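Trainee: Below: one structure in structure tokens.
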Amino acid sequence: MIVVFDTNVVVEAIFWPRSTARRALTGLALRRFKTAVSQDILDEYAAVTGKLRARLFAQAQPSGPLAWIAAKSVRAEPMPLADKLSRDADDNVFVATAAADKAAFLVTQDRDLLVLEKPFGVQIVTPVQLIRELQL
């Protein structure tokens, strides 16, 4: 099973170790699923964690967790989308990557993505919903 994680989930998992986002990512460590990423997604993960580290978490080292996620992930080329799906155009890469790799889930806390529900057969869920679905 393939899962795609939105940046907000990865950032929360890295900087808040007791978060539901971290718990949702434990499924990757437990080999309950694989994750799919594109280069654009990896770049966004790095940019956002870098900004947050500079502002709030100077002692944190997000490069280790990001490298682990990259190493454990399947690389995918996002599917070309004819139309904008989300109100936030930056979110489309997550849907396009999930669709291209036939992911079962796209995990996010972004309302602009959650309202899409199940585009291209990819179920869009929160970390809590993924935890419940996979009994993590």
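Count the sequence shown with this note's numbering and you get residues 12 to 147, in order. We put the beta carbon where it would ideally sit given N, CA and C, even for glycine. Just so it is clear, the structure is predicted and the values come from calculations on it, not from any experiment.
1) Pairing CB atoms from the segment 68–75 with CB atoms from the segment 83–98, are three or more of them under 8 Å?
2) Less than 8 Å between the C-beta atoms of Pro-138 and Val-106, yes or no?
3) If we ignore side chains and look at the alpha-carbon of each, how far apart do Val-85 and Leu-141 end up?
4) Which same chain residues end up closer than 7 Å to Asn-103 when comparing Cβ atoms and leaving out the 5 residues on each side of it in sequence?
5) Beta-carbon separation of Ala-100 and Ala-47 under 8 Å?
6) Starting from Leu-117, follow its DSSP beta bridges and name the residues at the other end.
Mentor: Let's see:
1) They do not touch, by the three-pair rule.
2) No; because the gap between Cβ atoms is not below 8 Å, this pair is not in contact.
3) Whole-angstrom Cα-Cα distance: 19 Å.
4) Within the same chain, Leu-92, Lys-95, Leu-96, Ser-97 come within 7 Å of Asn-103 by CB-CB distance, once the 5 residues on both sides are set aside.
5) Between Ala-100 and Ala-47, the CB-CB gap reaches or exceeds 8 Å.
6) According to DSSP, which records beta bridges pairwise, Leu-117 is partnered with Val-15, Ile-135.
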